[in-house]
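Participant:
Chains as they are written, first to last, in the numbering used here: chain A, 10 to 604; chain B, 442 to 1143.
#1: What does the Cβ neighbour count give for residue 367 (chain A), buried or exposed, with the cut at 16 atoms within 10 Å?
#2: So is residue 437 (chain A) in contact with chain B if we call contact Cβ pairs under 8 Å?
#3: Hey, is the segment 227 to 236 of chain A in contact with the segment 449 to 461 of chain A, meaning 3+ C-beta pairs nearer than 8 Å?
#4: Whole angstroms are fine: how far does the CA of residue 310 (chain A) sit from the CA of residue 84 (chain A)?
#5: Run through chain B and tell me which residues come within less than 9 Å of residue 551 (chain A), C-beta to C-beta.
#6: Going along the segment 1007 to 1024 of chain B in order, which residues come within less than 8 Å of chain A, judged by CB to CB distance?
#7: Quick check on this structure: which residue in A:544, A:573, A:563 and A:598 has the alpha carbon closest to the alpha carbon of residue 199 (chain A)?
#8: For residue 487 (chain B), name the three-state secondary structure that DSSP assigns.
#9: Where does residue 948 (chain B) sit, in a helix, a strand or coil, going by DSSP?
#10: Beta-carbon of residue 563 (chain B) versus every beta-carbon of chain A: anything under 8 Å?
#11: Report yes or no: do three or more beta-carbon pairs, one from the segment 908 to 915 of chain B and one from the segment 876 to 891 of chain B, lie closer than 8 Å?
#12: Helix, strand or coil for residue 984 (chain B)? Go by DSSP, reduced to three states.
#13: Just how far apart, CA to CA, sit residue 29 (chain A) and residue 306 (chain A)?
#14: Could you work out which residue in B:765, B:585, B:789 and B:523 is closest to residue 890 (chain B) when comparing CA atoms only?
#15: Reducing DSSP to helix, strand and coil, say where residue 799 (chain B) ends up.
#16: Under a three-way DSSP split, which group does residue 840 (chain B) fall into?
#17: Is the beta carbon of residue 498 (chain B) sitting closer than 8 Å to the one on residue 709 (chain B)?
#18: To be precise: take each residue of the segment 69 to 84 of chain A, compare its Cβ to all Cβ atoms of chain B, and keep it if any distance is under 9 Å. Which residues remain?
#19: What is the DSSP secondary structure of residue 633 (chain B), counted as helix, strand or coil?
#20: So if I threshold CB-CB distances at 8 Å, which residues from the segment 925 to 941 of chain B count as touching chain A?
#21: Can we say the segment 667 to 675 of chain B touches the segment 743 to 751 of chain B, given the rule of at least three CB pairs closer than 8 Å?
#22: Does residue 1093 (chain B) have its Cβ less than 8 Å from a Cβ in chain A?
#23: Can you give me the start and stop residues for the beta strand (DSSP E) that residue 146 (chain A) sits inside?
#24: So, are the CB atoms of residue 529 (chain B) and residue 1078 (chain B) less than 8 Å apart?
#25: Taking 8 Å as the CB-CB cut-off, is residue 1033 (chain B) touching chain A?
#26: Given this structure, state the Cα-to-Cα distance separating residue 620 (chain B) from residue 630 (chain B), to the nearest angstrom.
#27: Would a check of beta-carbon distances place residue 432 (chain A) closer than 8 Å to chain B?
#28: Identify whether residue 462 (chain B) lies in helix, strand or coil by the three-state DSSP scheme.
#29: Where does residue 186 (chain A) land, buried or exposed, given buried means 16+ other C-beta within 10 angstroms?
#30: Helix, strand or coil for residue 369 (chain A)? Go by DSSP, reduced to three states.
#31: Per DSSP, what are the beta-bridge partners of residue 564 (chain B) in this structure?
#32: Between A:179, A:175 and A:142, which lies nearest to residue 164 (chain A) when the distance is taken from Cα to Cα?
#33: Give the DSSP-derived three-state secondary structure of residue 502 (chain B) in the structure shown.
#34: Kindly say whether residue 1097 (chain B), judged by its beta-carbon, lies nearer than 8 Å to any beta-carbon of chain A.
#35: Check each candidate in B:1137, B:990, B:757 and B:607 and name the one with the smallest Cα separation from residue 1008 (chain B).
#36: Starting from the beta carbon of residue 1058 (chain B), find every residue of chain A whose beta carbon is closer than 9 Å, and list them in chain order.
Here's what the structure looks like:
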């Protein structure tokens, strides 16, 4: 491990904090309406001093410039679709609208994929896609997972690819809607409604997703990614080998894939490919894109509940988990594999599956990021990581993608953990547990527990079935503990709507295409719809004024408690499975046995 | 407020509380054990999903045991058999805890029931004649006659008469109280005894709905009504149990994949070890014992919900008189006018008050004696003429040896003397009035001698109590009939956060409503009918037992001692229940870490066998437990034994001192969170050493 390698982890967190402030401040101006913000008086008036008026002035200026361009489009959309953006929705209506939009997106994609051999824009005459793969892909790009059970360039027509890009915009935007519904549960009181889904959807798309993607594209081009519609270049290398160099609208694809925490890359190699990640600067910028909105959601939440300290507490919990994960991966990778180290080939680090341009430190950081911000975009081969480094990646996803996570979803997942943490320990202050002035009662506990058990149940049950039945075993390329890790990873990635792949698993086989599809669906809807219900229930509650008797949720102690809850829940649920997978593999590795 | 009881509140009602009996008398343990066995009935256990899961597990391992018994495999039999025994003991310990908690209330209920069934009522028939009928046949609206020595047959209102009533049956309070028709002292409770005179009582509660009935019902059924927090917690525990069920069930196929299949007994052992059995086993005992603790303080909560609400209360409304200040004003200061010595003023004041038997008058005599050693002199009858207080002059005093000494309110003495006060005295009078006190003037002849400062005396220790409440984030509100200026001054002196002056029933109710609208949980005490509207609106409404029927019906708790200061204790008990639940839940969950480190390495000694090679997770055996069998057995024994070890804590409650949430959280998280992490490591290791020494199960590693 080098100090530079360690430092960059902390630098990234510093950048994430700045992003949280700037992007969150912008999203607050764009998305929050008067009724969405808690009055400062009831929140104790704290956090007001934290604001930097000058920064907000600048953000406001940028927004008002954008307003002039975008507002006509927004109103046009409302008029054409007959939407009344001021109509307030109950949580049920909100959830229904959200599901309807997702269902339409899914249906269009599923039909396009299923019928692509007959549809236009298929000059390469891509054949019919197997049913399970098209189902899996349709689910994948609806749930913001972007798990790719296919090899893109050899499977999809241009029309199919084009709609995938549309979905890469729509699915993260849906995540912000999920978040806003839950956040309003905390910021509002004594009301039955959670805002208007259509307004949230349209504004997030027009003000956040589209401008963000455009900026991202421009910067990526500047940093060296190609953006063209040229035919592939055919060259003969120095060694005299004939090679086809793929290119195309790489920058724009990469931009929305990283900004939207999608991960559906242009190249099969994803960000490790020299055009997608031409240099360290580009890689760093992609990280910035990826962290922008998930971090922004944290700050946005703080603004909505009019107590920024609460937001920074959650940010701190996420940052500590992130840094710990990145350092662990880095440490395990730097220590390397004792068996290979004994051969004295290439120093004492695990270089297998690394892009040599990025090295151990940056690769560790990138892979930790990819599993925390729900990217699925990889710059190294996860299958080749040391067992315990793989365990960290698994942990990041298994806990429900709550360490930053994807657009909105990560934040509300963490809020569910906060509700549980408050409930577990809150009784110890001798009051009915409350979070941000809202009482946590049986309905809230029920919904949070429901959201929490989904990832555990889906991963454990599907993995357990997969390792004993024929079709499941057939898809595992590396029997033994490593194979179990591969299976656990696939379902964790699916249920966490992450989309990154460990590799070593036949993801296109009907069994895994279907089961990972189920995992993605449950991971999105079974996990987050209960949280909208939670928002609905909280919004209806009265707000309890804060006092010295109130459970403090902005202190380092609470940050520790929240981290403890995530770690203990994750550890308790997955310890046996992890013991048979990565831990057993690590033990075996030190005993001189590899899998 | 409490002036209408014959019990002196100031002496501290707590002293007469029935002594807490030890939990572990021979009798109670035997009874508890019997009940515990009966509670093993799966139908009864269904209400507790955690323990139900353990019982099902125990049943399955019992079958496993029988299988090995038939097989004759001695090593496996010893292991599986002992696991089975400890699983059954786990369930038994949990039901025992519940039985012990219930047992403490049951004796009281039995005593109450006896007093109800044996009573004979003398009912006044429509024609005026009197007929003896059993008390249980009384209807609402019946009128009964109760004479000295008889037991009042049911709850009712006194229609005629005045009598001393012994209410010790329900209050444990031996001093009798006065009950009379009309006013705030007309309510009587069935089961209490008239000890003088005769009362005519109209029965207000029909069969089964009297106060006594409610009380018996409450004590006996405490476990049936779960409170909101209990329901939420039970849900979480059920959720955790379900998760761990999935964890263990899915571990089976995974262990097959890892070429190290795990047997059912070991899987069940893992499930039981992980499931939150500690809190699951003690949860209902905590709730029941909380009600009992209130009962020991002579407070009867009409619902568990009210007890929990008491823990949540963040506004407490307290009456000034009798709660915050002792009932009467007292003289604290003599302020002479210029040219008069303080001693002369004190002497004159004392003389004028000798015949004044009001508490204020007595306090003047006492102050003069304390300050200047002025003894009470026995004035010769013939030389002295006492002038009693009259509504006309609004002064009292004495004529003695030609001296005409008078004392009275400022304006009355003023008009008597012609108001020749000097500026200094005028200022002093103003100061007294502003500070919330009452100035009295003393005069001799037509000359004003000076002023006496009468003030409300804050009860000893109340200041500290209010400070503690403030630290715990509870806002205290003083209710008083005084004018705003006086009220503010007293409020400041007492140390309350807010006050409600010139309080009327409407004002009190409006205040309660306003607080609730702002999101506060309001607790208050009331006794009179005029308190009823506010009580009905408050979240925690404690009615005095001496109070009117209206107040008692509006309340959700009844203080049998009628001690208004007790509201603070009620709040503390409410908090204690919640803290105990939270602490044991945290303890239970953090325990799992150590149990994993005991069981998982024991389960997987040889994984992924290929040829002669196998992977062993023995490296995770950080406690260095002897063998897989001793490890698993030790974890299960620890898991079972921790329940009885914690029964006293569950019944007594976690220690609570009012302090801020941040402090409480830090302390409890440290004790029960960190403690829960460390204790099982030590406990399991110690048990493993014993198990190994006794060779209870196989100690071979493979």
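Just so it is clear, CB atoms sit at the ideal spot from N, CA and C, and this is done for glycine as well.
Facilitator: A quick look at the data gives this:
#1: buried
#2: yes
#3: no
#4: Cα-Cα distance, rounded: 26 Å.
#5: 957, 958, 959 and 960
#6: 1015, 1016, 1017, 1019, 1020, 1022, 1023 and 1024
#7: Checking every option, the nearest Cα to that of residue 199 (chain A) belongs to A:544.
#8: coil
#9: Of the three classes helix, strand and coil, the one that applies to residue 948 (chain B) here is helix, per DSSP.
#10: no
#11: no
#12: Residue 984 (chain B) falls in the strand class under three-state DSSP.
#13: 7 Å
#14: B:789
#15: coil
#16: strand
#17: Pairing residue 498 (chain B) with residue 709 (chain B) gives a Cβ-Cβ distance under 8 Å.
#18: none
#19: coil
#20: none
#21: yes
#22: no
#23: Premise fails: residue 146 (chain A) lies in the alpha helix (DSSP H), 140 to 151, not in any beta strand (DSSP E).
#24: no
#25: yes
#26: In a straight line, the C-alpha of residue 620 (chain B) is about 10 Å away from that of residue 630 (chain B).
#27: yes
#28: With a pLDDT of 49 at residue 462 (chain B), under the threshold of 50, the predicted position of this residue should be treated as unreliable, and no value is reported.
#29: It counts as buried.
#30: Looking at residue 369 (chain A) - three-state DSSP - the assignment turns out to be helix.
#31: B:572 and B:585
#32: A:142
#33: helix
#34: yes
#35: B:757
#36: Neighbourhood of residue 1058 (chain B) in chain A, by CB distance below 9 Å: 588, 589, 592, 593 and 596, in chain order.
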